[in-house]
Amino acid sequence: MHRECFHRYVHTKVIKRMEAARVRGPKPTSARKLLLPLSLGVSSLALLQILDVYFDGQRKRTGRADVELHVLFVDLNYGRDNDSKQPLERVRALFPFHTYYVRELLPLSETSSASLTRPGVGEAVLGNAQSATSDTTIHDILSSLPSATSQADMLEKMLLLNIVRAAQEIHCESILWGDTTTRLSEKILAETAKGRGFALPWLVNDGESPYGPRFCFPLRDLLRKEVSAYVRLTQPALGNLVERSPVAQNRVSSRNVTIDGIMQDYFESVEDNYPSIVTNVTRTVGKLEPPSASSRTSSCTTCGLPYDHGQPGLLDWAGNQETRYSNDGAELTPGTCYGCTRTLLQRQQRAEKALINT
Amino acid sequence: MEDVKQKNRSRLCSICNDKKAALKRPKTQEQICRECFYSVFEEEIHNVIVDNKLFKSGERVAIAASGGKDSTVLAYILSELNRRHNYGLDLFLLSVDEGITGYRDDSLETVKRNEIQYGLPLKVVSYKDLYGWTMDEIVKAIGLKNNCTFCGVFRRQALDRGAALMRTDKLATGHNADDMAETVLLNILRGDIARLSRCTLITTGEDGPIPRCKPFKYTYEKEIVMYAYFKKLDYFSTECIYSPNAYRGFAREFIKDLERIRPSAILDIIRSGENLRISTSTKMPDQGTCERCGYISSQKWCKACVLLDGLNRGLPRQGIGRTRGAVLSKDREQIRTDSEMKGSISQSKPCGTLDF
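Protein chains in written order, with our numbering: chain E, -13 to 344; chain A, 30 to 385.
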């Protein structure tokens, strides 16, 4: 494909999704606020660049901006590494018309008390960010989980909650995720394998999310390899801004292999040879719907997803039958959904073992 | 000294705390003794049967028996539990002879021995009698590439026909938790929304003539193998000669990789599958009956009749893929997907055992 045609192809795919995901109704009096979480990976950078061009064109055509784009960078090395914000500075220099935020990754919980939360993102605007410490750190939580899968799962959920919290604080109506169809397919199979099948429509489909702000996946019709090619070919060049994912860097030892890692490796090979399998997966989940309102009786205290508290939990479910672990049928990790219970149960069992050995 | 005591204590069975642990239970990772393993394994299956009301007293139940580990353990366990808990079931073995020389003839010998060992009567139905073709003859006509399609489609019907002949109330199959988890993933990858909606049901076809149930829905394949091994059950472990690499298929390997990382992943996938809700706006195929044989079908003719018609007319590729006639662009895309799937996701179990 010719470079220009490829460029147009990518932009059209993204804008089509943006238009489809637009909230219908009377024209708002003020500009719509959208949050774009930036990981400094290929996909979120490409999305930022495409939207920058799109909104810039809109502004020039109409003379006003209908949309305010807020870019959020959740810094995993906040306060530890002074260089961690440099790449973001370069991004801001390239796309200066948007508002940028840096947020420390905090051990949030959807229903946790205020003591676990940090000051709002307004106080952490790029350049004015202040270092902060909390009683319970992400490191404390992650190190209490014995497996790499549980740690990766918890990290991902914490990232999600931090981004959602930021969106709420900035009053954004939607979060624009940079997930390609390849990434969404990985997420679908990974969440299925972690027991969160019930939440798939919320986690990967455009539309209402149980967290409040709407979720939109503008890159959902593009493969990761297409977005990578776009980043290589587009002008101004974005390639030098791309940072390697810390999760990918850690997957050197077999001990660090995670369910998400297995899915990533699988779809990496599949998208090269059988791209329609990748799109099949996201299309399949597009035909699913979230649990009915009547079955959303509780919110998970860890990931914040609504779940049916009346449904048998991990310990009662016929598939598990680990009745000996339960004390009079009580849940060991009260208030958590099936997926989070599985993650946290390992921690509980490890603690029990340690207690027995002492 | 304290360390040695600790070590010895940790080698004891974590259930009875008395006998020496003989194995690490794949499902829970507990170190347990052989007797406790038998006990929890059997008790779990009994609980599944009772909790899900799989059988009613007085029912005539056919156990689909191939001679392999799953169906052999199923036959043994069901006959044991039926006796121990007074289910009041009239059990018998039902086998399908596909006509594969050097494979099915040998495995049928195993089933015949099981008939005597467990005191369960055996009924064998053959492809030759039902369809006029053996698999050996079909392979000669079609080659090795698509023969599993014929075998899977024909077997599903053959089991139903055999069960009907024997006036059976219910058919019990040896599909285990690994099979079910694998099917959930495959149906997501294939985009088969209709199968996805029903593949985790423990009993299917309740609105049809003969319901099928899966007492091993929550039973790990590794535990079935262990049970068969420790109990020294007589089963046949050779792979089908027409699909020698089928077990190394993608999905099976995938499940094994996941199980290595998190042993509960198999159950978690099943749980996920159970909680998927198909959108009410999604078009689902209408289930009707085949105009030719009356078997359940969403098309004018059932798949078995289409395949058989092709064989009889000298067009063995009829019904394989969707290559005939004009197709819409959407269908073209589907064809591409189907052919890609064949390359990427090879059949993970031979002989259509994934026909949920």
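Glycine included, every Cβ here is placed at the ideal spot set by N, Cα and C.
_Residue environment, E:A100, which counts as buried when at least 16 other CB atoms sit within 10 Å_ = Against the first sequence, residue 100 of chain E aligns to sequence position 114. A caution first: E:A100 carries a pLDDT of 33, below 50, which makes its placement in the model unreliable, though a value can still be read off. Under this definition E:A100 is an exposed residue.
*Report buried or exposed for E:T178, applying the criterion of at least 16 other Cβ atoms within 10 angstroms of its Cβ.*
Here residue 178 of chain E corresponds to residue number 192 of the first sequence, with the count starting at 1. Buried, since its Cβ has 16 or more Cβ neighbours within 10 Å.
_List, in chain order, every chain A residue whose beta-carbon is nearer than 8 Å to that of E:R18._
As a first step, residue 18 of chain E must be located in the first sequence, where it is residue number 32. The premise fails here: E:R18 is roughly 27 Å from chain A at the closest Cβ pair, so nothing lies under 8 Å.
*Per DSSP, what kind of secondary structure is E:Q221 in: helix, strand or coil?*
Taking the first sequence and counting its residues from 1, the one referred to as residue 221 of chain E is at position 235. Reduced to three states, the DSSP call for E:Q221 is coil.
*Exposed or buried, what is A:T130 when buried is set at 16 or more other beta-carbons lying within 10 Å of its beta-carbon?*
Counted from its first residue, the second sequence places residue 130 of chain A at position 101. Under this definition A:T130 is an exposed residue.
*Would you please verify whether the beta carbon of E:Y(-5) is less than 8 Å from any beta carbon of chain A?*
Translated into the one-based positions of the first sequence, residue -5 of chain E becomes position 9. With a threshold of 8 Å between beta carbons, E:Y(-5) makes no contact with chain A.
_For A:S293, would you say it is in contact with chain E, using Cβ-to-Cβ distances shorter than 8 Å as the test?_
As a position in the second sequence, residue 293 of chain A is number 264, starting the count at 1. It does; some Cβ of chain E falls within 8 Å.
*Rounded to a whole number of angstroms, what is the C-alpha to C-alpha distance between A:L194 and A:G128?*
Residue 194 of chain A sits at position 165 when you count from the first residue of the second sequence. Residue 128 of chain A sits at position 99 when you count from the first residue of the second sequence. Roughly 20 Å between the two C-alpha positions.
*Contact list for A:Y247 against chain E, beta-carbon separation under 7 Å*: Looking up residue 247 of chain A in the second sequence gives position 218. One finds A304 and G305 in chain E with Cβ atoms closer than 7 Å to the Cβ of A:Y247, taken in chain order.
*Is E:Q44 helix, strand or coil by DSSP?*
One-based indexing of the first sequence puts residue 44 of chain E at position 58. Note: E:Q44 maps to helix in three-state DSSP.
*Between E:H(-7) and E:E54, what straight-line distance do the alpha-carbon atoms span, to the nearest angstrom?*
Here the question's residue -7 of chain E lines up with position 7 in the first sequence. Here the question's residue 54 of chain E lines up with position 68 in the first sequence. If you take the alpha carbons of E:H(-7) and E:E54, they lie about 24 Å apart.
*Just the C-alpha distance for E:H295 and A:V154, rounded to the nearest angstrom, thanks.*
Stepping through the first sequence from its first residue, residue 295 of chain E is reached at position 309. Stepping through the second sequence from its first residue, residue 154 of chain A is reached at position 125. Computed Cα separation, rounded: 48 Å.
*Residues bridged to E:P23 by DSSP?*
Walking along the first sequence from the start, residue 23 of chain E turns up at place 37. The partner list for E:P23 (beta bridge, DSSP) reads E:L58.
*With DSSP as the reference, label A:I299 as helix, strand or coil.*
Stepping through the second sequence from its first residue, residue 299 of chain A is reached at position 270. Three-state DSSP puts A:I299 in a helix.
*What span of residues does the beta strand (DSSP E) with A:K261 cover, start to end?*
Taking the first residue of the second sequence as 1, we reach residue 261 of chain A at position 232. Here A:K261 belongs to no beta strand (DSSP E), and DSSP marks it neither H nor E.
*asked:* What would DSSP say about E:Q250, mapped onto helix, strand or coil?
replied: Indexing the first sequence from 1 puts residue 250 of chain E at position 264. E:Q250 falls in the helix class under three-state DSSP.
*Can you name, in chain order, every residue of its own chain whose Cβ lies under 6 Å from the Cβ of A:D75, other than the five neighbours on each side?*
As a working note, residue 75 of chain A is residue 46 in the second sequence. The identity of residue 75 of chain A in the sequence shown is His, whereas the question assumes Asp. L110.
*Among E:G290, E:E(-10) and E:S136, the one whose alpha carbon lies nearest that of E:L146*: Numbered from its first residue, the first sequence carries residue 146 of chain E at position 160. Of the listed residues, the one whose Cα sits closest to E:L146 is E:G290.
_A:D189 burial status per 10 Å Cβ neighbour count (16 or more: buried)_ = On the second sequence, position 160 is the one that residue 189 of chain A refers to. Buried, because 16 or more other Cβ atoms sit within 10 Å of the Cβ of A:D189.
*On the three-state DSSP scale, how would you describe E:N114?*
Residue 114 of chain E sits at position 128 when you count from the first residue of the first sequence. With a pLDDT of 32 at E:N114, under the threshold of 50, the modelled position of this residue cannot be trusted; read the value that follows with caution. The answer is coil: DSSP assigns E:N114 none of H, G, I, E or B.
*asked:* Taking the beta carbon of E:A316 as the centre, do at least 16 other beta carbons fall within 10 Å, making it buried, or is it exposed?
replied: Taking the first sequence and counting its residues from 1, one reaches residue 316 of chain E at position 330. Note that E:A316 scores 45 on pLDDT, short of 50, meaning its location in the model is unreliable; the coordinates nonetheless yield the value given after this. Classification of E:A316: exposed, given that the 10 Å Cβ count is below 16.
_So, with DSSP's three-state summary, where would you put A:K199?_
Here residue 199 of chain A refers to the residue found at position 170 of the second sequence. It is a strand residue.
_DSSP three-state assignment for A:G317, whether helix, strand or coil_ = Here residue 317 of chain A is taken as the residue at index 288 of the second sequence, counted from 1. Of the three classes helix, strand and coil, the one that applies to A:G317 here is strand, per DSSP.
*asked:* Measuring CB atoms only, is the region 204 to 223 of chain A touching the region 141 to 155 of chain A, in the sense that at least three cross pairs come out at less than 8 Å?
replied: no
_Check whether the region 280 to 289 of chain E and the region 221 to 231 of chain A touch, using three or more Cβ-Cβ pairs below 8 Å as the test._
no
*Checking contacts by CB at 8 Å: is E:V243 closer than that to chain A?*
Here residue 243 of chain E corresponds to residue number 257 of the first sequence, with the count starting at 1. For E:V243, the answer is yes, since a Cβ of chain A falls inside 8 Å of its Cβ.
*What's the gap between the Cα of A:C65 and the Cα of A:R54?*
Stepping through the second sequence from its first residue, residue 65 of chain A is reached at position 36. Stepping through the second sequence from its first residue, residue 54 of chain A is reached at position 25. Taking the straight line from one Cα to the other gives about 10 Å.
*Going along the chain, which residues of its own chain have a beta-carbon closer than 6 Å to the beta-carbon of E:S30, five neighbours each way excluded?*
Residue mapping note: residue 30 of chain E aligns to position 44 of the first sequence, counting from 1. Answer for E:S30: L24 and G164, listed in chain order.
_Quick check: the region 196 to 209 of chain A against the region 243 to 254 of chain A, are at least 3 beta-carbon pairs closer than 8 Å?_
The answer is yes - the region 196 to 209 of chain A touches the region 243 to 254 of chain A, with three or more Cβ pairs under 8 Å.
*What are the residues of the region 282 to 295 of chain E that lie near chain A, defined by any Cβ-Cβ distance shorter than 8 Å?*
none
*Work out the CA separation of E:A51 and E:S16 for me, nearest whole Å.*
Here residue 16 of chain E is taken as the residue at index 30 of the first sequence, counted from 1. Here residue 51 of chain E is taken as the residue at index 65 of the first sequence, counted from 1. C-alpha separation (whole angstroms): 9 Å.
*Could you tell me which chain A residues have their CB closer than 7 Å to the CB of E:K180, listed as they occur along the chain?*
Translated into the one-based positions of the first sequence, residue 180 of chain E becomes position 194. Those are D297, listed as they occur along chain A.
*Range covered by the alpha helix (DSSP H) that runs through A:R224*: Locating residue 224 of chain A in the second sequence gives position 195, where the first residue counts as 1. Taken as a continuous stretch (DSSP letters only), the alpha helix (DSSP H) holding A:R224 covers I222 to R227.
*Between the region 128 to 142 of chain E and the region 153 to 162 of chain E, are three or more C-beta pairs nearer than 8 Å?*
no
*Is the region 157 to 173 of chain A in contact with the region 112 to 124 of chain A, if contact means three or more CB pairs nearer than 8 Å?*
no
*Would you kindly work out how many angstroms separate the C-alpha atoms of A:E88 and A:E303, rounded to a whole number?*
Translated into positions along the second sequence, residue 88 of chain A becomes position 59. Translated into positions along the second sequence, residue 303 of chain A becomes position 274. Distance between the alpha carbons of A:E88 and A:E303: 27 Å.
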